[in-house]
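One structure is given here, and the rest of the page talks about it.
Chains as they are written, first to last, in my numbering: chain A, 8 to 208; chain B, 514 to 716.
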């Protein structure tokens, strides 16, 4: 119901609306255990750079140069430090960059550490970057070690309003499927019982 | 951008400059709708609004085809729209001179055509660079997640003072990061569990 990606997408859309028409940008990444093979640290930072490129009216010159350079014979692909540098340079002229990363716990541990260090470096080197990050509680220690000094934190838990909205939707769906099977009284009892249960959490 | 058919074959080192020249035979193996010798078929897609060429110039189309294909060289760019029928062609000399003869005569042919609009190359190059940067496409994922969202759910987060401080903060005046913990055991599974355990307790 209230998975972290729902919160992330809500935050992303809200920020996009707020920043429209201003010299600000919203860059994001959804991590997903199903795509772990593509989720190397370099691909993830590259994914952020990719979005900077796609949002800009024309490809930022630093990115263009790196691409041209890569086509030269014998040139290696970009590494994580190159990607970080590219990102910091490419967002340099943007007033505020909101960088949202969802479900960082779904990245394989070794890649995750490298990725988190890269994010840490980005917020240190680019003061115009604001980082929003979600993860399951079991990686809190890891995140705190790297980012807590410069971070606010919120614990995500469904509130009564969320539960009410969710249940109403579910019961409406059921009603459409089998009209008349559930009386209003029954709906109220279900709602009350579950909300009471939730308030004891 | 799938306008040129099978883009997969562009992936990998074959277009990053290690494969040397791209010949017209290479082009014909692409599913690209535009390649030399097919000028009169005009396989262009006006509906995209980016590529409209009214031309019978074989040479021009050859040049355009080169522009859409990866080569080991710097990819030539075409800027449009053209003014007074004159093409603004920034062509790679090697392509125009060694393969297609006199580039000036090619451009000369084209300069007689009015209302020629070319806006190809920039967008193609842009998507090529994006693919080179990363295979991840977060925009797609965002749309999926967004479609599954229930209106109003989670909006309390936006009203939390931590969120407001984080997003409204001036440079250097507040914490640059906002960490959200959760996502496990806060959803429907948890509620179901709670309800069941309550009932069990009563029984």
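Even glycine gets a Cβ: it sits at the ideal position worked out from N, Cα and C. All figures in this text were calculated on a predicted structure; none of them were measured in a lab.
Chain B contact for residue i (CB, 8 Å cutoff)
i, result
"residue 162/A", "yes"
"residue 14/A", "yes"
"residue 28/A", "no"
"residue 86/A", "no"
"residue 168/A", "yes"
"residue 147/A", "yes"
"residue 97/A", "no"
"residue 119/A", "no"
"residue 19/A", "yes"
"residue 188/A", "no"
"residue 24/A", "no"
"residue 194/A", "no"
"residue 157/A", "yes"
"residue 176/A", "yes"
"residue 115/A", "no"
"residue 35/A", "yes"
"residue 11/A", "yes"
Any C-beta of chain A under 8 Å from that of residue i
i, result
"residue 668/B", "yes"
"residue 637/B", "no"
"residue 673/B", "yes"
"residue 571/B", "Confidence at residue 571/B is low in this model, with a pLDDT of 45, below 50, so its placement is unreliable and no value can be given for it."
"residue 665/B", "yes"
"residue 695/B", "yes"
"residue 614/B", "Its pLDDT being 34, under 50, residue 614/B is placed unreliably by the model, and the measurement read from it follows with that caveat. Taking Cβ atoms only, chain A never reaches closer than 8 Å to residue 614/B, which makes this a no."
"residue 576/B", "For residue 576/B, the predicted structure reports a pLDDT of 43, less than 50, and the residue's modelled location is therefore unreliable. The matter cannot be settled from this model."
"residue 545/B", "Summary for residue 545/B: the model assigns pLDDT 37, below 50, so the residue's position carries little reliability, and this model does not support an answer."
"residue 625/B", "Low confidence applies to residue 625/B: its pLDDT is 43, below 50, so where it sits in the model is not reliable, and the reading given next is rough at best. No, its Cβ sits nowhere closer than 8 Å to a Cβ of chain A."
Check whether residue i and residue j have beta carbons under 8 Å apart
i, j, result
"residue 150/A", "residue 692/B", "yes"
"residue 111/A", "residue 163/A", "no"
"residue 95/A", "residue 133/A", "yes"
"residue 167/A", "residue 202/A", "yes"
"residue 11/A", "residue 141/A", "yes"
"residue 113/A", "residue 87/A", "no"
"residue 128/A", "residue 153/A", "no"
"residue 97/A", "residue 70/A", "yes"
"residue 103/A", "residue 62/A", "no"
"residue 15/A", "residue 662/B", "no"
"residue 651/B", "residue 45/A", "no"
"residue 639/B", "residue 66/A", "yes"
"residue 60/A", "residue 635/B", "no"
"residue 169/A", "residue 667/B", "yes"
"residue 20/A", "residue 659/B", "yes"
"residue 695/B", "residue 144/A", "yes"
"residue 9/A", "residue 165/A", "yes"
Own chain residues within Cβ distance below 6 Å of residue i, not counting five before or after
i, result
"residue 177/A", "none"
"residue 679/B", "691"
"residue 515/B", "Because the pLDDT of residue 515/B is 36, which lies under 50, any placement of that residue in the model is unreliable, and the question is left without a value."
"residue 105/A", "22, 33, 137"
"residue 197/A", "none"
"residue 40/A", "113"
Close beta carbons around residue i, own chain, < 8 Å, minus the five adjacent residues each side
i, result
"residue 687/B", "678, 679"
"residue 85/A", "49, 53, 73, 77, 93"
"residue 56/A", "70, 90, 93, 94, 97"
Contacting residues, own chain, Cβ-Cβ under 7 Å from residue i (five flanking each side not counted)
i, result
"residue 58/A", "34"
"residue 82/A", "76"
"residue 51/A", "36, 122"
"residue 675/B", "691"
"residue 664/B", "none"
"residue 135/A", "98, 101, 102, 103, 104"
"residue 182/A", "189"
Any chain E beta carbon closer than 8 Å to residue i
i, result
"residue 19/A", "This model lacks chain E altogether; the protein chains it does include are A and B."
The segment 40-53 of chain A: positions lying closer than 9 Å to chain B by Cβ:
Listed by position along the chain: 42, 45, 46, 49, 50, 51, 52, 53.
Could you run through the segment 124-145 of chain A and flag, in chain order, every residue whose CB is less than 7 Å away from some CB of chain B?
130, 134, 135, 136, 137, 138, 139, 140, 141, 142, 143, 144
Can you list, in chain order, the stretches of the alpha helix (DSSP H) that have 4 or more residues and sit fully within the segment 9-41 of chain A?
11-26
Taking the runs of the beta strand (DSSP E) that are 3 residues or longer, which of them lie wholly in the segment 42-120 of chain A?
103-109
Identify each residue in the segment 56-81 of chain A for which the Cβ-Cβ distance to at least one residue of chain B is less than 8 Å, and report them in chain order.
56, 57, 58, 60, 61, 65, 66, 70, 71, 74, 75, 77, 78, 79, 80
Residue ranges of each beta strand (DSSP E) run of no fewer than 3 residues wholly in the segment 663-689 of chain B, ordered along the chain?
DSSP runs (the beta strand (DSSP E)) wholly in the segment 663-689 of chain B: none.
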